[in-house]
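When you line the sequence shown up against my numbering, it's residues 136 to 771, in that order.
Report on one structure; see the data block that follows.
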Amino acid sequence: ETLKVYPMKIQLFVASLLLSGCLLFGCVPRERVVENPLIEASNTMTLDIPRVELTDSATVLRMQAYFQPHYWIRIDGGSYLSAGGRKYRLIGADGITPDSLFWMPASGEASFTLAFEPLPRGTRSFDFIESDCDDCFKLYGIDLTGLTSYSEPEGLPDNVQAGTSGELFVEPVFKVGETTVNMHFIGYREGLGKQAAIYANTIFGQQQPYTAPIDPETATAVFRFGQYGTSYLFGGVGDCLESFWTAPGETIDVYVDLRTSGARLLDRRNGTQTCLRGCYTNGTYAGLNAVFGDLHNTPGFVSLNRRTGRFADYRMSADEYVQMVVDRYRTLADSIERCGAPASVQRLQLNTLRQETLAAFVEATELLEHNYRHVNQMWDYSKPLGRQFAKLGAEHYAEVCKLFDINDPALLVGPRVSDYVYAVTVPEVDWPAIAGIERGVVVDLRAVAGLPRKAENNQLTAEDFARLREMENPFYAEALEAMQQRVQLALSEVEGKAVIEPTPEVPLAELFEAIVAPYRGKVVLVDFWNTWCGPCRASIAAVEPLKSAELANDDLVWVYIANETSPLVTYKTMIPGIRGKHFRLDGERWTSLCDRFGIDGIPSYVVVDRDGNFRLRNDLRDHAQLRKVLLEKLAE
136 ETLKVYPMKI QLFVASLLLS GCLLFGCVPR ERVVENPLIE ASNTMTLDIP RVELTDSATV
196 LRMQAYFQPH YWIRIDGGSY LSAGGRKYRL IGADGITPDS LFWMPASGEA SFTLAFEPLP
256 RGTRSFDFIE SDCDDCFKLY GIDLTGLTSY SEPEGLPDNV QAGTSGELFV EPVFKVGETT
316 VNMHFIGYRE GLGKQAAIYA NTIFGQQQPY TAPIDPETAT AVFRFGQYGT SYLFGGVGDC
376 LESFWTAPGE TIDVYVDLRT SGARLLDRRN GTQTCLRGCY TNGTYAGLNA VFGDLHNTPG
436 FVSLNRRTGR FADYRMSADE YVQMVVDRYR TLADSIERCG APASVQRLQL NTLRQETLAA
496 FVEATELLEH NYRHVNQMWD YSKPLGRQFA KLGAEHYAEV CKLFDINDPA LLVGPRVSDY
556 VYAVTVPEVD WPAIAGIERG VVVDLRAVAG LPRKAENNQL TAEDFARLRE MENPFYAEAL
616 EAMQQRVQLA LSEVEGKAVI EPTPEVPLAE LFEAIVAPYR GKVVLVDFWN TWCGPCRASI
676 AAVEPLKSAE LANDDLVWVY IANETSPLVT YKTMIPGIRG KHFRLDGERW TSLCDRFGID
736 GIPSYVVVDR DGNFRLRNDL RDHAQLRKVL LEKLAE
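Encoded structure:
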């Protein structure tokens, strides 16, 4: 090809035109709006970003907040966006003041905007980081390309059950063994959390919490625990928790797709359901887990929704209430049978419905009261309502026994297993007499009711074991014996390390003063908590480093009050790592203190000043506020 040489003037003219064009186009402001962006992962359901506005001067996020009415949230002034390895700082806000408490309105929803330095052109996604503290809001992979759906996860091993075909195992396993759960996180970011947790709901109606560190290299947490019969577990990291079943004594792999945390934000925003399965497993219940994963994340999932406040009408008589529950059960059961799903899927659905229905009968009076409180917005449980609600009798409980076999062992497999165990073991309802049951799971569960709690506290006696060995099913004796042996071993390992302060022997009205009296002249922070309370453990972990830093002061005393619902071995294992004075109260003393201060949940905090004055300070659930208040009290 011949090389063409143009005169210099022509070359300069062409170059100037090209340069002018670039300058002209460069002067056109960039304005781009991304509505409803997909979010890969989030550590919170409190914040959402339904709109992103991109200009040359700023990146503006339209934020939507969801939280308990009249409670507060806070946005840190150190918030930033992250993209391409660079941070883009917060430069403005409208509708909220960074670093200040923002009180949620009565609706529980609020909108505001945050403006950041502009992201570069061509940015495909970014992260929102509300400063670098462990419990700050973090939303990852906010898409700017216009994606509208999530793809299937890649790289799952062949032995992980992904399908729902075939007959599934939906029966309880009555065995004892050590279970290992290898939990792998798809799309893991360290900011989502460095520790994973699982909560095992057992055949006995207990819920056992376990934690394990996440290896950042493999994005895997490994749990090992003693298991007593089939367990229904839910677990994960942060607010991204998925459900699955395990059989005792097996090792299983669980793959948790963290994009479900972003999908839940999108579903709430759009009123849709992405049907993104969050959990893939192998093991005995792999097929069941697959079915439940698909079923639970679809609009067809059946539930009585007892706790909405609209389940019952508080004016109902006992007869009317029972007829309502019976009619609702029959309607939902019929819809399950007509849905065309495989028989195993229908069985799981029916198990869930039956677990809930049995609980709805036992909770009748409570649910009627709940409806009254919902209708009248009367949520202060310390104030009497001034009215009575219908109570069910034996003739009413007999009606549920006509609907299905309440003694079916398969009812121990289902997401509402705790509801089922609670319902069949309440002492006020004599189910064996009402249903004509002489043997089976209902009789067995009633016989061992209360014994798992005794085992957790190393309190089972020779008489208890003798009674257990007389039971027809040897599983119960084996399980409770193994449970108490594990407790004894664990207690021996912490012997001398855990110090529980003696509870003052004083009238209930004087208990709190007696607990804090030895520290008169100092500032005392009293933390009401329990080992099974996730937010309690998270708060304690966040505050503990401050005791060696800004809050290291001999005039500051940390007092921790728990109750006997914290299993003794778990409690004694935890408290050596929590510096302070520890009290473990019985139910009567705990209830007395909660009633006195109007404690609505835990963690809750009471601050005692140097003069002995004290009051409830639940604003200290914000760690920055806790630090500020304690420093102010120390300076007084």
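C-beta atoms are modelled at their ideal positions from N, C-alpha and C, and glycine is treated no differently.
Note that the coordinates shown come from a computational prediction; the quantities given were computed from them, not determined experimentally.
Assign Tyr555 to one of two classes, buried (16 or more other C-beta atoms within 10 Å of its C-beta) or exposed (fewer than that). buried
Using only alpha-carbon positions, find the residue among Gln341, Asn178, Thr248, Ala335 that is nearest to Ala817. There is simply no residue 817 to check, as the chain begins at 136 and stops at 771 in what is shown.
Taking Tyr285 as the reference, give the member of Arg551, Arg399, Asn593, Leu755 with the closest Cα. Arg399
When the distance is taken between beta carbons, is Ala625 closer than 8 Å to Thr708? Yes, Cβ-Cβ distance for Thr708 and Ala625 is below 8 Å.
How is His717 classed by DSSP in three states: helix, strand or coil? strand
Hey, Ala494 and Tyr449: beta-carbon distance below 8 Å or not? no
Which two residues bound the contiguous beta strand (DSSP E) that contains Lys222? 221-229
Please state if the CB of Trp380 and the CB of Val548 are separated by a distance shorter than 8 Å. yes
Which value, in whole angstroms, describes the spacing of the CA atoms of Pro383 and Arg574? 24 Å
What residue range does the alpha helix (DSSP H) around Cys668 cover? Taken as a continuous stretch (DSSP letters only), Cys668 belongs to no alpha helix (DSSP H), as it is neither H nor E.
First and last residue of the beta strand (DSSP E) that includes Tyr415? 414-416
Please give me, in chain order, every unbroken run of the alpha helix (DSSP H) with length at least 4 that falls completely inside the segment 430-499. 453-472, 478-497
Tell me which residue opens and which closes the alpha helix (DSSP H) that Gly722 is part of. 722-732
Use the C-beta contact count for Glu630: other C-beta atoms within 10 angstroms, 16 or more gives buried, fewer gives exposed. exposed
Leaving out five residues before and five after Val163 in sequence, what residues of the same chain have Cβ atoms less than 6 Å from its Cβ? Caution applies to Val163, whose pLDDT of 47 falls short of 50 and renders its modelled position unreliable; the value that the coordinates give is listed next. So the list is empty, once near-sequence residues are dropped.
Our contact map puts Cys375 next to Val391 with C-beta atoms below 8 Å; I'd like the distance itself, whole angstroms only. 7 Å
Check whether the segment 689-696 touches the segment 657-676, counting contact only when three or more Cβ pairs, one atom from each stretch, lie closer than 8 Å. yes
Residue range of the beta strand (DSSP E) that Asn592 falls in? No beta strand (DSSP E) holds Asn592; DSSP gives it neither H nor E.
Can you give the beta carbon distance from Ile635 to Arg551, rounded, assuming they're within the 8 Å contact cut? The Cβ separation is near 35 Å, so there is no contact.
Taking only three categories from DSSP, how would you classify Leu291? coil
Pick from His717, Tyr206, Phe524 that is closest to Ser242, judged by C-alpha positions: Tyr206
Would you call the CB atoms of Tyr367 and Asn336 closer than 8 Å? yes
Measure from the alpha carbon of Asp454 to the alpha carbon of each residue in Ser217, Ala499, Pro587, Arg621, then state which is nearest. Cα-wise, what sits closest to Asp454 is Ala499.
Return helix, strand or coil for His531, following the three-state DSSP convention. Three-state DSSP puts His531 in a helix.
Per DSSP, what kind of secondary structure is Gln620 in: helix, strand or coil? Helix, per DSSP.
Taking all protein chains shown into account, do 16 or more other C-beta atoms lie within 10 angstroms of the C-beta of Asp579, making it buried, or fewer, making it exposed? Around the beta-carbon of Asp579, 16 or more other beta-carbon atoms lie within 10 Å, marking it buried.
Classify Glu767 as buried or exposed, calling it buried when 16 or more other Cβ atoms lie within 10 Å of its own Cβ. exposed
With contact counted as at least three CB pairs below 8 Å, one residue from each stretch, are the segment 399-419 and the segment 168-178 in contact? yes
On the three-pair Cβ rule with 8 Å, is the segment 530-537 touching the segment 346-353? no
For Val622 versus Ala590, is the C-beta distance shorter than 8 Å? The answer is yes: Cβ separation under 8 Å.
If you count every other CB in all the chains shown that lies within 10 Å of the CB of Pro288, and 16 or more means buried, which is it? buried
Here's a check: name, in chain order, each residue in its chain whose Cβ is nearer than 6 Å to the Cβ of Ser727, leaving out the five neighbours to either side. Leu643
Residues near Cys474 in its chain [Cβ-Cβ closer than 6 Å; skip 5 each side]: none
Does Lys682 come out as helix, strand or coil in the three-state DSSP assignment? helix
Please state the DSSP three-state secondary structure of Arg186. strand
Ala250 beta carbon less than 8 Å from that of Gly227: yes
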